Amino acid sequence: MITDTPVVLIAGMNLSPRMWSRCDLPAGTILVTPQDDSMEAVIGRLLAELPPRFILGGLSLGGIVAMHVAARAPERVAGLMLMATNARSPTQEQLEGWEATIEGLTGTGYRSGGTGPREYQESILSLLLSDPTVDDWSVMVTDSAGDLTADTLVSQLRLQQTRTDARPGLRRCRIPTVILAGDRDALCPVANHEEIRDTLPDDTAVELTVLDGVGHLIPVEVPDAVTSAIDILLQLSRTTIERTCTTP
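Numbering (UniProt numbering), first residue to last: 1 to 248.
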C-alpha cells in the first residue's frame, strides 16, 4: 500500500510501535508514542514535528490525542481513524486509578524491581484482550509495554489526567473519519464510538465498524481491520477537497 499522503499512527498508553507490527501499513508510516505529560504539550509537539498534511489514526489514548489534534488543526488532517477510544473527559474513578498507578511506578515498588510497564500491562491483560490466553497476543502486548520506561508510562498517565472533553471540537470538524470498535472491549464500549460518530457534523463522511468478538487492542487482534480502515480513509480523503472547522 503506497500513498502520497503520509499516515501517522499514535499508540495507546503503555504501548510501543510494536503494537502495529501485525498491520500491513503504508510505506513511510510515522509511528508515534506519546511522551509528553500534558495534552497541550503533545498537541504542540505533533503539530511542530509532523508533515504539513497527513492521515491521522490512534488507538485508545492515541485516539484521544488524534481527536484533539484534528480539532486544533483540521486543515492538516486529510483523514481520521479512531479505534477503541473515548471522547469524554476522565471520570473521578479514572483519575484516582491513574494516580495510584503513578505512585506504584515511582514509589518503592518500582524502585525495588516490582511494578514497571511490563508488570502493569500483565496485570490488565484481561481488560486489553478479548482472550488473554492467546500467546501471540499477550506476548506482543507485554513486550510492547516492556519497550517503554517507567518514566514514559508516568508521563502518559499524567497526559491522561489532563484530558478534556473532545466533543466540542469534534462537532466542528469536517474530516473523513473511520471509527473501529470491538464489541468485547472492556475499556471503551461500542457506545463510546457511536457517540463520536453522532457528534461529528452530519455532512462529514463517517464510517463506524463494530468488530465482532474483538477486544480493546484492535491492531493486535484484527490487524487486517486497520489496513482496511486506512484504505477506506485514503479513498474518502481523495473525495473531500477542503476540511475545516467552522467557527463556534
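Ideal placement from N, C-alpha and C gives every residue a C-beta, glycine not left out. Note that this is a predicted model, so its numbers are computed, not measured.
Kindly indicate the opening and closing residues of the beta strand (DSSP E) around residue i.
i: GLY62; result: Taken as a continuous stretch (DSSP letters only), GLY62 belongs to no beta strand (DSSP E), being part of the alpha helix (DSSP H) at 61-72.
i: VAL32; result: 30-32
i: ILE196; result: No beta strand (DSSP E) holds ILE196; the alpha helix (DSSP H) holding it covers 190-199.
i: LEU170; result: Element bounds for LEU170: not the beta strand (DSSP E) but the alpha helix (DSSP H), 167-170.
i: MET140; result: Per DSSP, MET140 belongs to no beta strand (DSSP E); it is in the alpha helix (DSSP H), 135-146.
i: ALA84; result: Counting along the chain, ALA84 falls outside any beta strand (DSSP E), and DSSP gives it neither H nor E.
i: THR177; result: 177-182
Between the Cα of residue i and the Cα atoms of the options, which residue gives the shortest distance?
i: SER228; options: THR164, GLY57, ASP4; result: GLY57
i: GLU40; options: ALA145, LEU105, GLN160; result: GLN160
i: THR85; options: ILE196, VAL214, THR177; result: ILE196
i: VAL210; options: ASN192, ASP203, PRO201; result: ASN192
i: THR199; options: PRO189, ALA166, ASP212; result: ALA166
i: PRO189; options: ASP212, PRO168, PRO74, ARG172; result: ASP212
i: TYR120; options: ASP131, THR133, THR106; result: THR106
i: THR29; options: LEU46, LEU47, ALA48, LEU9; result: LEU9
i: GLY146; options: VAL134, ASP135, GLY44, GLU122; result: GLU122
i: PRO168; options: GLU49, HIS68, ALA48; result: HIS68
Report the CB separation of residue i from residue j in whole angstroms; it is logged as a contact under 8 Å.
i: residue 328; j: SER60; result: Because the chain is modelled from 1 through 248, residue 328 falls outside the range shown and cannot be assessed.
i: ILE230; j: PRO26; result: 7 Å
i: GLY97; j: MET83; result: 22 Å between Cβ atoms; not a contact.
i: ALA87; j: LEU80; result: Actually they are not in contact, since the Cβ atoms of ALA87 and LEU80 sit about 12 Å apart, beyond 8 Å.
i: VAL226; j: CYS23; result: 5 Å
i: residue 249; j: LEU125; result: An answer regarding residue 249 cannot be provided, because it is not within the stretch 1 to 248 covered by the chain.
i: ARG76; j: ARG53; result: 5 Å
For residue i, which residues of its own chain have a beta-carbon under 6 Å away from its beta-carbon, when the five flanking residues on both sides are left out?
i: TRP137; result: LEU129, VAL220
i: residue 283; result: Residue 283 falls outside the range modelled here, since the chain spans only 1 to 248, and no answer is possible.
i: ALA205; result: PRO176, LEU236
i: ILE55; result: THR5, VAL7, ALA78, GLY79, LEU233
i: GLN156; result: MET13, PRO34
i: LEU15; result: SER144
i: PRO201; result: ARG174
i: ILE102; result: VAL154, LEU157
i: ALA66; result: ILE10, LEU56, GLY58
i: GLY104; result: THR115
i: VAL134; result: none
Quick check on the DSSP output: the alpha helix (DSSP H) that includes residue i runs from which residue to which?
i: ILE43; result: 39-49
i: ILE218; result: 218-221
i: VAL214; result: VAL214 -> no alpha helix (DSSP H), and no H or E assigned at all.
i: GLY97; result: 92-106
i: SER129; result: Checking the sequence, you will find Leu at residue 129 rather than Ser. Counting along the chain, LEU129 falls outside any alpha helix (DSSP H), and DSSP gives it neither H nor E.
i: LEU157; result: 150-161
i: PRO6; result: Taken as a continuous stretch (DSSP letters only), PRO6 belongs to no alpha helix (DSSP H), as it is neither H nor E.
i: ARG118; result: 117-123
Suppose the cutoff is 7 Å on Cβ atoms and the five residues either side in sequence are ignored; what does the same chain contact list for residue i look like?
i: SER112; result: Any reading at SER112 needs caution, since the residue's pLDDT is 46, under 50, leaving its predicted position unreliable; the model's value is listed next. Nothing meets the Cβ criterion.
i: PRO17; result: ALA11, LEU31, THR33
i: PRO51; result: PRO6
i: ASP36; result: VAL42, ARG45, SER155, LEU159
i: residue 257; result: A question about residue 257 goes unanswered here, because the residues of the chain that appear run from 1 up to 248.
Keeping to the same chain, check which residues put their C-beta closer than 8 Å to that of residue i; ignore five residues upstream and five downstream.
i: GLY109; result: Low per-residue confidence applies at GLY109: pLDDT is 49, beneath 50, and the placement is therefore not dependable enough to give any value.
i: ASP95; result: As written in the sequence, residue 95 is Leu, which differs from the Asp given in the question. Counting only Cβ-Cβ distances below 8 Å, and skipping sequence neighbours, we find GLN161.
i: ARG171; result: THR199, LEU200, PRO201
i: MET19; result: ALA11, GLY12, LEU59, MET140, VAL141, SER144, LEU217, PRO219, VAL220
i: ARG163; result: MET39, ILE64, SER89, PRO90
i: ILE2; result: Low confidence applies to ILE2: its pLDDT is 46, below 50, so where it sits in the model is not reliable, and the reading given next is rough at best. Around ILE2: PRO26, ALA27.
i: ASP203; result: ARG174
Any C-beta of chain C sitting closer than 8 Å to the C-beta of residue i?
i: ASN86; result: Of the chains in the structure shown, none is chain C; there is only one protein chain.
Task: Stretch pair the segment 176-187 + the segment 140-158: three plus CB contacts closer than 8 Å - done: no
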